[in-house]
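Trainee: Protein chains in written order, with this note's numbering: chain X, 1 to 498; chain Y, 499 to 838; chain F, 839 to 1178; chain V, 1179 to 1482.
Every residue gets a Cβ at the ideal spot worked out from N, C-alpha and C, and that includes glycine.
No experiment lies behind these values; they were computed from the predicted model shown.
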Amino acid sequence: MSTEKAEGLRVRGARKVYPGTVALDGVDLEVRPGELVALLGENGAGKSTLSSIIAGVARATEVEMTWNGDPYAPADPREAIAAGIGLIHQEMRLLPDLTVAENVAVGRWPLARGLLDARRMRRQAMEQLDRLGFAGHADQLVSELSVAGQQQVEIAKALLLDASLLILDEPTAALGAAETDALFATVQELKKQGMSFIYVSHRLSEIRRIADRIVVLRDGAKVAEHSRGDVDPEQLVSEMVGRSVDRLFPPVEPLGEDAPVVLQVAGLTSRRGHFSDVSFDVRAGEVLGIAGIVGAGRTEIVRAVASADPHVDGTVSVGGRPVRRRHPADAIAAGIVLVPEDRKHQGLVLQHSIADNIALPNLPAVSRGGWIGGGPVQELARTVSQRLGVKGRPQDDASSMSGGNQQKVVIGKWLERGPRVIILDEPTRGIDVGARAAIYDVIADMARAGAAVVVVSSDLEEVLGLAHRVMVIAEGTVRGMLSRTEATPERVMGLAAV
Amino acid sequence: MSTKPFTSPTQTALIRGAGSTSGPTRSPLARMLSGSGGALIGLIVLFTIFAVTTPRFFSANNLINVVDQVTVIGVLAIGATAVIITGGIDLSVGSVLALSTMVLGWLSDEGGVPMGVAMVAAVAVGALAGLLNGLGVTVAGLPPFIATLAMMSICRGLANLVTDGQQIVGYPEWFYSLASNRYLGFFSVTAIVFILLAIAATVILRYRPAGRKIYAIGGSAEVARLAGIKVRSVTTWVYVTAGALAGVGAIILASRLDSSQPSAGTGYELDVIAAVVIGGASLSGGTGRISGTVIGVLIIGVLRNGLNLLGVSPFLQQIVIGLVIAGAVIVDVLRRRRTH
Amino acid sequence: MSTKPFTSPTQTALIRGAGSTSGPTRSPLARMLSGSGGALIGLIVLFTIFAVTTPRFFSANNLINVVDQVTVIGVLAIGATAVIITGGIDLSVGSVLALSTMVLGWLSDEGGVPMGVAMVAAVAVGALAGLLNGLGVTVAGLPPFIATLAMMSICRGLANLVTDGQQIVGYPEWFYSLASNRYLGFFSVTAIVFILLAIAATVILRYRPAGRKIYAIGGSAEVARLAGIKVRSVTTWVYVTAGALAGVGAIILASRLDSSQPSAGTGYELDVIAAVVIGGASLSGGTGRISGTVIGVLIIGVLRNGLNLLGVSPFLQQIVIGLVIAGAVIVDVLRRRRTH
Amino acid sequence: AVALSGCALTQAAQEGESGDEIVIGLAVANQQADFFNQIRQSVEARADELGDVRVVVADAKGDADTQVSQIQDFITQEVDAIIYIPAGATAATVPVRNAKAAGIPVVTVDRNPDGEPGDTFIATDSVAAARELGVWVGEQTEGTGRVGVIQGQIGTTPETDRDAGFKEGIAGFPDLIEVARQASNQWAQDEGFDIATDMLQAKPEITVFFGRADALALGAASATRTAGRDDILIVGFDGDVAGLEAVRDGVLDATITQPTQAMGALALDSALKLADGEKLPAEQLQEGVLTTAENVEPFIEKHP
Ligand SMILES: Nc1ncnc2c1ncn2[C@@H]1O[C@H](COP(=O)(O)OP(=O)(O)OP(=O)(O)O)[C@@H](O)[C@H]1O
Ligand SMILES: Nc1ncnc2c1ncn2[C@@H]1O[C@H](COP(=O)(O)OP(=O)(O)OP(=O)(O)O)[C@@H](O)[C@H]1O
Ligand SMILES: [Mg+2]
Ligand SMILES: [Mg+2]
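So this is what it looks like as structure tokens:
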């Protein structure tokens, strides 16, 4: 009965109201078979909300949807999956205590005579994961995987859904270049088989590569639609942000000859084998970029520098004085602070307010004679919010903020301490262009104020755009230290390759 | 606990309790070690100590006694394992057991109902209490600790009201012999029921979709929901099952005591939970296995039995039991730390 | 619980218990409502019901009686609130109280030690038990449920060993009058101690860095650690404090009863935890406040008192108490759902 | 059955002789209760006195199922006789049955299982003692008063017996009326305190408190003192050490002293005799003694 025109998904007037926020305000969307529609927009524009409504995860306040011509109103994810619509959630949703294979199979366990067929379960999982270039094995616990590995498991889980429409909400946020390539190859292959996609990403360069059409959201409304993928990024940015963003990266100011060495790392070696013999210096006002492919050991190295992991040999000194490494408090006392890569689990107490989160590492600063007053806490929160342009009232729960704003809070909570060394691990993962520019400005400001800055990122453009020098890590060892002029994408990639 | 990719295991374990690994799809040896390794070591150590120190311990007869002595707790612990895997807890099992046993006695004694029907009713009453627990958790949104704490109090009151606190005696002889006659030269009917239930639960948890769903829910209710699992209904069923098993436990207890007492099962909930956790389950959900629970139950049973045989004074026994519970779980924690 | 932007609150609450918002930096009204609103409504409802049904309830004298009746549980609940905010649980409070009260009695009676010194020793013994709990959790990596369950058994055994299970009588007259003489026309010394401790705990949790750290640890131990908080040592101190408060509770109970009994405090742990949760704390940690706990304690106290005044039989009381516990927390859950 | 158990008895006795000591299993209902704990202590004291006798103690903590297991363990140890103080509300038959099946004689103390009595039964006649207490209260109050009863655990044998006896005792005083009763769950002093406080609040006309155990009565005494009521007659039951001292000090007005020392010693002696194959009377009831300030001193010196 369905006419050719009605094939695929049609969304009409999607509206979602949260107490205090209108997340979506009457958005239309159409996805045809075999097509990849990219959904763009700033943090909080409503991309995930729209995705969730389509996948039955959230209920719209108002919406009219048809799927292959029939009315479609999923009450829960089960109904969406049954209809052939699957979602890879922006926040990774895995079971840490179960194996990779179990996680991929969750909800769709292969059975033999009514009982779980564990061998088939493993085989199916690895078939998908191999296509994505997964490095682990089927029996590994998910909690042992790197973020990238977890992301790949999440993707494999969705690929096994047998969906005809798959929504990928920022699937590459945690992936490096090689993994991203593998994913895109898989996506292209599936498109040829008639599968359609909704693709959400903040990486505009990716959009050019794979999008058939582009829909841009702003403040919950559709502001632009392009019927092709290779749209000029600058145009997209101005559509997303509502103004033109003239530059992403602040200028990198040359370092004075006499800038003193602040952070000195010598012979740092993990007793668990994550990295060995890592040595480097960072001078006052300098930004050191750390590049490498996923799983190279960058996170482990910077965590060791920040005394977040025990079981490490070697020395870390600040201003010539060695830092004890028993507890993160040791590093903090020496002036080293870490903005961790996983803001939800390491950066924020999500059910506490923004103000409380900012106050946490600044308890002495908000105390008067050992007493914490509500006033100073609010005051500090306002100061930090203003400085970084955080959207959200100090008393709101951290969990109610968009990712970009959360990231700003994670960085902001350390600024008041005036750290001598600040380490940022993947500081803009999942962050929109506008917010990214703001975070880059903050990074440059800190350097200008005399801090030694270390930026770890899988986004090569980011490393090259910010850093005075780039250190390349592969397999837990330093493969090269490049000056700003030496650091071309080709050279970095060459050194990073295993 | 949700995905914390770069958390050191020690730190995560610190507050919420030891996280646990339970990959059901590992090699048999790894599986054995990961599921209940710590507890198994504890059990073997206890066995050895008692076998050496008290000659009567290591006799077939005594070991069968131990099995008989743990049947009630064991049956309850099977249900509790499932509840704990979902991330819940059931404090009401002892009281639900008391209510079921009183219903059994009242129906068969006062009510003149045939024994078979009364037994079904006892299980049904347990299941009903479990259903209310489950709905309290899934529909009313109560924390499991509170829903089942309330049910614990309610069922104890009801159990007492049935006969105004009196015990009920006068079961038929065949009923008493279910727990006391040892068929096949070894096991009583009640012990066989326990063993069969344990096997069935192992198979369901490990190889049936229902079991896998329970693990998924405990790992993360949200992940399970996104994967299309009916979290509320599965969770409710788990509580219903735990309640029904308390009903089965009530029948076993009545048979064992040849009577029904409203004070039955007082304090069992803590024994049961201790057994499940000693067996390797984590109270934060997502892990646990029946084999481990059975070992946990045996540890508690062997310990009590051995200390009695040794003639250790009851006050000292309490101290030793506390130390062994802590010790058994510490062994498990250390073993896991090493594997990480 | 982590942020799940698209989770319906019901779903998240489903497994781990109702999440809660407790930003200590909110407006006074929001603070009142978020901290203990549900419980407060419950308390007011109870008050109204009893005031209408039994004329003697709403008299100054009876209300003072209620305060006296809840002092011991109240003092224990203050410590338990802190423990629960860290995401832990303390099942040992009742037994630690018993051990402390026996040490108090033994030292002052048999040991001939001055009463003041014996009181200090009782608190110190409680603190020591708390220290072992804390180290069990933070250093040995035991789940709090297990560490304190073991301690519960150990302390009960020790409490009994002190006098081989005998109670101790014969405190000086002035000691007995601490709990029985009502100074200022109203409160006994013990009630005043409780009120002062509650105020001190409120102030510390809300306005001292230590309090902030406790909330942060419960919210996320890893975030707290990376923010430079010594998670282990703070957590250990929280258990030490809970133990010391059990020691204070022991002194109050001894004064109230003019004797020390090794069976003292049996089952208090569940009352205490129920009070804290009714007061709005979540067992998954990160939330809770003393004002809520005090209301929770009063709900339990008023309920028992009112039902006694009405002459309700203890069996019916158990049922009513179960229903009220569930009801009070459901009110809270519903209220939170609406604000979400 | 007699022949069978007799035959098994000799076997047990022989076992006892072949080892150098006789082993007696003592299954205590609940050591948290002072009454049971005292019996346990007196059994142990008597064994020390005799020498050559080892007492193995198990505490059921009030749970009948635990007690079945513990007696099973006694049987495994092949003890020579068992002293069984039943746990739970009322006495379970299974432990006696199991022991008899194994040919081990049983002395039941305090409660005797219906239909499966021990070889001998030792207890106080609580009904008679409670009746005496009731009459005493009637005389003290000159037959006028309002009684508040703080019950033990409802449904248990002691509660039922003490209730029946006391009612009979005060029946002869028509103006001595029970106006309130409330039950405790654990016979505990803090429960007694709270219940009595609330009773005084609800029924200020109360002039007599009967605590069904000394702990409950002591709780009531604290409550009356806190309420500033010194006009209330308070009586207990059991004759705990604390109870007796309270009677001496005038805190309690009377209690019934159960001869726990005598019962414990008698239980052990009976167990030894049964182990030797002797026959004993089915019941060996002891007198509970009404104890007031006048006759309390000797009991404090040496508990009967
Ligand atoms: N559970 C919730 N309660 C209240 N507000 C919410 C909730 N979830 C999302 N919002 C709000 O809805 C708006 C849209 O959020 P959404 O997550 O859809 O944005 P997004 O475009 O996916 O952003 P990002 O790029 O950061 O992922 C935001 O203002 C957000 O704060
Ligand atoms: N919690 C963990 N348990 C076990 N292995 C881990 C854990 N975290 C990381 N690893 C492993 O350590 C190695 C280094 O990982 P790390 O995350 O430091 O690399 P990275 O370069 O920072 O990569 P990413 O870009 O994913 O953060 C990887 O092989 C990873 O699988
Ligand atoms: Mg999003
Ligand atoms: Mg990394």
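Taking the Cβ atom as the reference point for each residue, do ALA699 (chain Y) and ILE788 (chain Y) lie within a distance shorter than 7 Å?
Mentor: Yes; because the gap between Cβ atoms is below 7 Å, this pair is in contact.
Trainee: Going by C-alpha distance, which of V:ILE1263, V:VAL1474, V:VAL1419 is nearest ASP1241 (chain V)?
Mentor: For the residues V:ILE1263, V:VAL1474, V:VAL1419, the minimum Cα distance to ASP1241 (chain V) belongs to V:ILE1263.
Trainee: Which residues neighbour ligand 1 when neighbourhood means a C-beta less than 6 Å away from any of its non-hydrogen atoms? List them by chain order.
Mentor: Listed along the chain, these residues meet the criterion: X:TYR18, X:THR21, X:ALA23, X:GLY41, X:ASN43, X:GLY44, X:ALA45, X:GLY46, X:LYS47, X:SER48, X:THR49, X:GLN90, X:SER400, X:SER402, X:GLY403, X:GLY404, X:ASP432, F:PRO843.
Trainee: Fully enclosed by the stretch 877-928 of chain F, which alpha helix (DSSP H) runs are 4 residues long or longer?
Mentor: Qualifying alpha helix (DSSP H) stretches, in chain order: 898-923.
Trainee: Taking only the alpha-carbon atoms, compute the straight-line gap between GLN378 (chain X) and GLY44 (chain X) and give it to the nearest angstrom.
Mentor: So the two alpha carbons sit approximately 24 Å from each other.
Trainee: How should PRO310 (chain X) be labelled, buried or exposed, when 16 other C-beta atoms within 10 angstroms of its C-beta is the threshold for buried?
Mentor: Classification of PRO310 (chain X): exposed, given that the 10 Å Cβ count is below 16.
Trainee: Which class does ARG835 (chain Y) belong to by DSSP, given the choice of helix, strand or coil?
Mentor: Helix.
Trainee: If you run the structure through DSSP and keep just helix, strand and coil, what is GLN193 (chain X)?
Mentor: Here GLN193 (chain X) sits in coil by DSSP.
Trainee: Which residues have a Cβ closer than 7 Å to any heavy atom of ligand 4, listed in chain order?
Mentor: The set, ordered by position in the chain, is X:SER146, X:VAL147, X:ARG298, X:THR299, X:GLU341, X:ASP425, X:GLU426, X:VAL456.
Trainee: Compute the beta-carbon to beta-carbon distance between ALA308 (chain X) and LEU1064 (chain F), rounded to the nearest angstrom, for a pair I have assumed lies under 8 Å.
Mentor: 6 Å between Cβ atoms; contact.
Trainee: Can you give the Cα-Cα distance for SER146 (chain X) and ARG131 (chain X), rounded to whole angstroms?
Mentor: Cα-Cα distance, rounded: 18 Å.
Trainee: Using a Cβ cut-off of 9 Å, which residues of the stretch 750-778 of chain Y contact any Cβ in chain V, in chain order?
Mentor: The stretch 750-778 of chain Y vs chain V, Cβ under 9 Å: LEU751, ARG754, LEU755, ASP756, SER757, GLN759, PRO760, SER761, ALA762, GLY763, THR764, GLY765, TYR766.
Trainee: Out of curiosity, what's the CA-to-CA distance linking PHE1214 (chain V) and ILE1055 (chain F)?
Mentor: Whole-angstrom Cα-Cα distance: 46 Å.
Trainee: Under the DSSP definition of a beta bridge, which residues are partnered with PHE280 (chain X)?
Mentor: BP columns for PHE280 (chain X) point to X:VAL265.
Trainee: Got a sec? Which residues, its chain only, sit under 8 Å from ILE827 (chain Y) by beta carbon, not counting five neighbours each side?
Mentor: Checking the displayed sequence, the identity of residue 827 (chain Y) turns out to be Val instead of Ile. Result list for VAL827 (chain Y): ALA516, GLY536, VAL775, ILE776, in chain order.
Trainee: Counting only beta-carbon atoms, is LEU694 (chain Y) nearer than 7 Å to chain X?
Mentor: No, its Cβ sits nowhere closer than 7 Å to a Cβ of chain X.
Trainee: Using a Cβ cut-off of 7 Å, pull out every chain V residue sitting near ARG554 (chain Y), in sequence order please.
Mentor: Here the neighbours are THR1254, GLN1255.
Trainee: On the CB-based measure, 16 or more other CB atoms within 10 Å of its CB, does ILE853 (chain F) come out buried or exposed?
Mentor: A caution first: ILE853 (chain F) carries a pLDDT of 33, below 50, which makes its placement in the model unreliable, though a value can still be read off. Burial call: buried.
Trainee: Between the beta-carbon of PRO171 (chain X) and the beta-carbon of ILE54 (chain X), is there less than 7 Å?
Mentor: In this structure, ILE54 (chain X) does not lie closer than 7 Å to PRO171 (chain X) by Cβ.
Trainee: In this structure, how does DSSP classify VAL1419 (chain V) when only helix, strand and coil are distinguished?
Mentor: Residue state, collapsed to three classes: helix.
Trainee: What ranges does the beta strand (DSSP E) occupy inside the stretch 1220-1268 of chain V, keeping only unbroken runs of at least 3 residues that lie completely in it?
Mentor: List check, beta strand (DSSP E) in window: 1231-1237, 1259-1262.
Trainee: If you follow the beta strand (DSSP E) that GLY480 (chain X) is in, where does it begin and where does it stop?
Mentor: Per DSSP, GLY480 (chain X) belongs to the beta strand (DSSP E) from 477-483.
Trainee: Going along chain Y, which residues have a C-beta under 9 Å from ARG994 (chain F)?
Mentor: Those are PHE813, GLN816, ILE817, GLY820, listed as they occur along chain Y.
Trainee: In the structure shown, what three-state DSSP assignment does GLY1333 (chain V) receive?
Mentor: Reduced to three states, the DSSP call for GLY1333 (chain V) is coil.
Trainee: Compute the Euclidean distance between the alpha carbons of ALA677 (chain Y) and ILE1138 (chain F), then round it to the nearest angstrom.
Mentor: Approximately 41 Å between the Cα atoms of the pair.
Trainee: Once you ignore the five residues that flank ARG271 (chain X) on each side, which residues in its own chain have a CB closer than 6 Å to its CB?
Mentor: Excluding residues within five positions, the ones whose Cβ falls inside 6 Å are HIS311.
Trainee: At what residue ranges does the stretch 1403-1477 of chain V contain a whole run of the beta strand (DSSP E), taking only runs of 3 or more?
Mentor: Correct list: 1411-1413, 1432-1435, 1461-1464, 1467-1470.
Trainee: Hey, could you find the ends of the alpha helix (DSSP H) ARG1046 (chain F) is sitting in?
Mentor: Where ARG1046 (chain F) is concerned, there is no enclosing alpha helix (DSSP H), given that its DSSP letter is neither H nor E.
Trainee: Which same chain residues, not among the five before or five after ALA920 (chain F), have their C-beta less than 8 Å away from its C-beta?
Mentor: For ALA920 (chain F), where only same-chain residues beyond five positions count, the Cβ hits under 8 Å are ALA1039, LEU1043, ILE1052, VAL1076, THR1079, ALA1080.
Trainee: Where does the unbroken beta strand (DSSP E) through GLU62 (chain X) begin, and where does it stop?
Mentor: Here the beta strand (DSSP E) through GLU62 (chain X) covers 62-67.
Trainee: Take every Cβ of the stretch 989-1009 of chain F, pair it with every Cβ of the stretch 929-938 of chain F, and state whether three or more of those distances are shorter than 8 Å.
Mentor: The stretch 989-1009 of chain F vs the stretch 929-938 of chain F: in contact.
Trainee: DSSP three-state call for LYS157 (chain X): helix, strand or coil?
Mentor: Reduced to three states, the DSSP call for LYS157 (chain X) is helix.
Trainee: Who are the Cβ neighbours of VAL1069 (chain F) in its own chain at under 8 Å, not counting the five residues just before and after it?
Mentor: So the list reads THR976, ILE1055, ALA1059, ALA1062, ARG1063, once near-sequence residues are dropped.
Trainee: Can you find the residues in the same chain that come closer than 8 Å, C-beta to C-beta, to THR1319 (chain V), ignoring five residues on each side of it along the sequence?
Mentor: So the list reads PHE1351, LEU1354, THR1385, VAL1386, LEU1411, once near-sequence residues are dropped.
Trainee: What is the DSSP secondary structure of ASP181 (chain X), counted as helix, strand or coil?
Mentor: Note: ASP181 (chain X) maps to helix in three-state DSSP.
Trainee: Whose C-alpha, out of F:GLY1144, F:ALA960, F:THR1028, is nearest the C-alpha of VAL944 (chain F)?
Mentor: The question names Val, yet the displayed sequence has Trp at residue 944 (chain F). Comparing Cα positions, the closest option is F:ALA960.
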